[in-house]
Amino acid sequence: MRLSRYFLPILRDTPKEAEIVSHRLMLRAGMIRQEASGIYAFLPLGFRVLQKVCQIVREEQDRAGAIELLMPTIQSAELWRESGRYEAYGKEMLRIKDRHERDMLYGPTNEEMITEIFRAYVRSYKDLPLNLYHVQWKFRDEIRPRFGLMRGREFLMKDAYSFDIDQEGARHSYNKMFVAYLRTFARLGLKSIPMVAETGPIGGNLSHEFIILADTGESEVFCHRDYLGFEVPGDNVKFDDAAELEAIVGKWTSLYAATSEKHDAKAFAALAADKQVSARGIEVGHIFYFGTKYSAPMKAVVAGPDGTERPVHMGSYGIGPSRLVAAIIEASHDEAGIKWPEAVAPFKVAILNLKQGGADTDPACEQLYQALSAKGVDVLYHDLDERPGAKFATADLIGLPWQVLVGPRGLAEGKVEVKRRSDGSRELMSPADAIERLAT
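Numbered according to the numbering used here, the sequence shown terminates at residue 675, and the numbering increases by one at each position without gaps.
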């Protein structure tokens, strides 16, 4: 993509309403624009990142055996009255009426609707286990939306829902999502730590939040230092092997890890001093097992092996891709701007023409742009007539993993400069070598 043909509304000054790093940088980098309190439009650069986050989330859900569908954002209040949550949920739920005065709502979550879909079609234990997920916009009317995408009112959510014949099967489904979440966040360049969590309005008696440590985190968390060195399960993990998954989950829950709501000061103090980590954390995922909380009142039952009908055991599993975009920035930035992990970067490479209109630099940049594009590399070619300093600032702000600096002095020696954004390292090399390096 040529910057001269792209829509990238860079802001030179930090908006006053931006309180945290991710909000400031996303506004300045032209990734988002606020349309109402807690409601944001994703501009092209931000939307590219969001799509890449969603793709990784989908791949790991699919790998774990979940099946994608799509449910509507508007739900009938009758479903929520069946489960008993319509009045209990609180003012965060946006309640509306249609033209026929029927009570409707803008869905904050989908436990009721997925249960209704399940009970309409599934009758036998032979159709279980089943895990259905979708990626869909949600709305929760936060009393005080703040911090940009970290605490907005409208947000994109991946929510999955598992159905099993009994508690043993449900625990295996829970473990599948537990391991899938570890893998998902690792692929996004994040080190997540699962922590025992409150179940809140979702309900149930088993829940884990996946937390990343960040200085700008929203809450205080406490954990054993060894978690930071744990190896995330690889591509060869067998999601149908209950014993293997139980061993992985057992390892990742064997040490102390708690949010402030669940913190046990006495248990934490019992850890060796050099193993105690007290830090700020950001929640990036939340999983729940809640048994028959929804299936019993909504009569989502199946016939067991003996022919007796019984309510299914359920769990739900949430990841907020829109929130994740902000969380990645909170975990990976410096004073100059964002540092995107390659897996989610809007473009992999920025080509900076340091003398726009130059008889040598223009052809060299064009050759690089065409060659990298032909090899499937996402390239942003900064071809605007700006001073080199402005181009450097823009490239650092938007945080693409690699920058190729093309100037007359380097070309005179047959070289371009390749800069890695993550650590600032630079290397002079021929254009051909740069293409080979960046295309791998």
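By construction, the Cβ of each residue, glycine as well, lies at the ideal position given by its N, Cα and C atoms.
Could you check where the beta strand (DSSP E) with residue i kicks off and where it finishes?
i    : result
G553 : 548 to 554
R266 : Sequence check: residue 266 is Met here, not Arg. Per DSSP, M266 belongs to no beta strand (DSSP E) and is neither H nor E.
W575 : Where W575 is concerned, there is no enclosing beta strand (DSSP E), given that its DSSP letter is neither H nor E.
E389 : 389 to 399
D668 : Premise fails: D668 lies in the alpha helix (DSSP H), 666 to 673, not in any beta strand (DSSP E).
K473 : No beta strand (DSSP E) holds K473; DSSP gives it neither H nor E.
K373 : 365 to 374
S427 : 427 to 431
I586 : 584 to 588
A538 : 536 to 538
Closest by CA to residue i, which one among the options?
i    : options                : result
I291 : L425, G485, E479       : L425
N410 : V288, A299, S660, V256 : A299
F627 : F282, L640, L367       : L640
A630 : E252, N588, L329       : N588
H617 : Y604, N345, D450, A609 : Y604
P250 : F465, M261, V288       : M261
G325 : I378, R334, L278       : I378
G485 : A264, K393, R406, T451 : R406
H548 : N366, Y321, L278       : N366
S427 : A493, A478, G265       : A493
G611 : E570, H335, V584, E444 : V584
P623 : A647, P643, K590       : K590
Q310 : G387, Y275, E346       : E346
E327 : D450, A395, R388       : R388
A301 : D475, G645, P540       : D475
Tell me residue i's beta-bridge partners as DSSP assigns them.
i    : result
Y524 : L441, G550
F457 : A493, S513
R330 : L340
R237 : Y616
L640 : L587, E652
S311 : M339
H568 : I573
I447 : S427, I517
S359 : A538
E544 : A538
E662 : V653
A276 : R268
R381 : R386
E481 : Its beta-bridge partners do not exist; DSSP assigns none.
E254 : The partner list for E254 (beta bridge, DSSP) is empty, contrary to what the question assumes.
I302 : L367
How far does the alpha helix (DSSP H) with residue i in it extend, from its first residue to its last?
i    : result
D297 : 279 to 298
P654 : First, the amino acid is wrong: residue 654 is Lys here, not Pro. Run containing K654: none in the alpha helix (DSSP H); it sits in the beta strand (DSSP E), 651 to 655.
P244 : P244 -> no alpha helix (DSSP H), and no H or E assigned at all.
S608 : 596 to 609
Q402 : 402 to 422
A355 : 346 to 356
T629 : 623 to 633
F503 : 500 to 504
Contact defined as beta carbons within less than 8 Å: I believe residue i pairs with residue j. What is the distance between those atoms, to the nearest angstrom?
i    : j    : result
P546 : S567 : Incorrect: roughly 44 Å between the Cβ atoms, too far for contact.
L607 : A674 : 6 Å
G516 : I563 : That belief does not hold up - the Cβ atoms of G516 and I563 are roughly 14 Å apart, past 8 Å.
K497 : V431 : 5 Å
I255 : M385 : 7 Å
R354 : L340 : Not a contact, Cβ separation roughly 20 Å.
A535 : T344 : Actually they are not in contact, since the Cβ atoms of A535 and T344 sit about 16 Å apart, beyond 8 Å.
F390 : R558 : 6 Å
V512 : L423 : Rounded, the Cβ-Cβ distance is 21 Å, inconsistent with contact.
L238 : L632 : Not a contact, Cβ separation roughly 13 Å.
G281 : V560 : 7 Å
V370 : K393 : 5 Å
Touching by the beta-carbon criterion (3+ pairs, under 8 Å), the stretch 453 to 464 and the stretch 483 to 493: Three or more pairs of CB atoms, one per stretch, sit closer than 8 Å, so the stretch 453 to 464 contacts the stretch 483 to 493.
Stretch pair the stretch 403 to 420 + the stretch 276 to 295: three plus CB contacts closer than 8 Å: yes
Cβ contact (3+ pairs, closer than 8 Å) linking the stretch 653 to 670 and the stretch 632 to 639: yes
Sufficient close CB pairs (3 or more, under 8 Å) joining the stretch 518 to 526 to the stretch 534 to 554: Enough Cβ pairs lie closer than 8 Å, so yes.
At least three beta-carbon pairs within less than 8 Å, the stretch 373 to 385 to the stretch 243 to 250: no
Sufficient close CB pairs (3 or more, under 8 Å) joining the stretch 586 to 600 to the stretch 301 to 320: Under the three-pair Cβ rule at 8 Å, the stretch 586 to 600 does not count as touching the stretch 301 to 320.
Cβ pair count under 8 Å reaching 3, the stretch 574 to 592 against the stretch 460 to 476: no
Segment contact flag, the stretch 356 to 365 with the stretch 398 to 405, C-beta cutoff 8 Å, min 3 pairs: yes
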